[in-house]
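In this note's numbering, each number is its position in the sequence shown, counted from 1, plus 290. See below for the structure under consideration.
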Amino acid sequence: MVYTTPFAATMKALYGALNKNADVGVEWFDSAVPMNEITDHFKSQERFEYGIFGEMDADCSDNKDTALWTVSINLEIYSNYRGRKNISSILENLLNYLSTKGKGWDALAKIYAENGFNLVAITVGALHINLPIYSDIGTWQSGETKVQFTLSQK
């Protein structure tokens with residue numbers, strides 16, 4: 291069997307399903323995008339929230355003709371709103387969107403299929419709201435969750 295790592299397919303699926311999605315309510319960026327580019331992107335807005343696709347890992351269980359991948363990725367949320375309310379709301383929206391067939395599930399499954407994988411399961415891990423971040427450009431609130439995708443390689 292020839293293996294295909296699911297990293298690129300996962301990023302395509304997440305960008306396609308989440309970016310500028312009204313059900314979730316934030317724009318998403320890769321972790322490689324510098325902070326100044328993100329803040330410049332929102333410079334005309336007093337308040338804003340955004341998501342970062344964070345650390346990702348994959349593990350493969352295989353047999354003679356099938357590879358079953360478990361892919362985990364941290365989804366991080368940041369807001370310049372002082373308080374936990376916005377982060378809590380976005381995490382709730384993200385959880386509901388990803389776990390609902392006809393919404394996030396279908397969008398992810400379609401993009402995964404176009405990239406050589408079948409979506410078998412989605413598990414949303416513990417939701418976290420972190421302590422505030424104090425910086426020279428303001429006070430930030432953040433939160434995160436780890437999402438796990440089970441995929442079968444076609």
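From the three backbone atoms N, C-alpha and C, an ideal C-beta is built for every residue, glycine too.
Helix or strand or just coil, what does DSSP make of residue i?
i	result
I363	strand
F439	strand
A403	helix
T413	strand
M291	coil
D426	coil
F297	helix
E317	strand
S378	helix
E327	helix
Y305	helix
L358	strand
Tell me which same chain residues have a C-beta within less than 6 Å of the C-beta of residue i, skipping the five on either side of it?
i	result
I342	F319, S321, E366
K444	G406
Q335	none
V361	P296, T300, A348, F439
Y371	R337
L384	V314
I419	R374, I377, G433
P422	T429, Q431
L332	The amino acid at residue 332 is misidentified as Leu; the sequence shows Phe. So the list reads F338, once near-sequence residues are dropped.
Spatial neighbours of residue i within its chain, please: C-beta separation below 7 Å, excluding the five flanking residues on both sides.
i	result
G394	A307, Y387, L388
Could you tell me the distance, in whole angstroms, from the CA atom of residue i to the CA atom of residue j?
i	j	result
E317	D426	23 Å
I254	K354	Residue 254 lies beyond the range of the chain shown here (291 to 444); nothing can be said about it.
I401	Y305	10 Å
V314	S369	14 Å
S379	D352	38 Å
K310	Y340	10 Å
E345	A298	13 Å
T390	A397	10 Å
Looking at residue j and residue i, is the spacing between their C-beta atoms short of 9 Å?
i	j	result
G433	I377	yes
M291	A357	yes
G373	Q431	yes
T429	L381	no
| query | Are at least three pairs of beta-carbons, each pair with one atom in the stretch 433–441 and one in the stretch 403–414, less than 8 Å apart? | reply | yes
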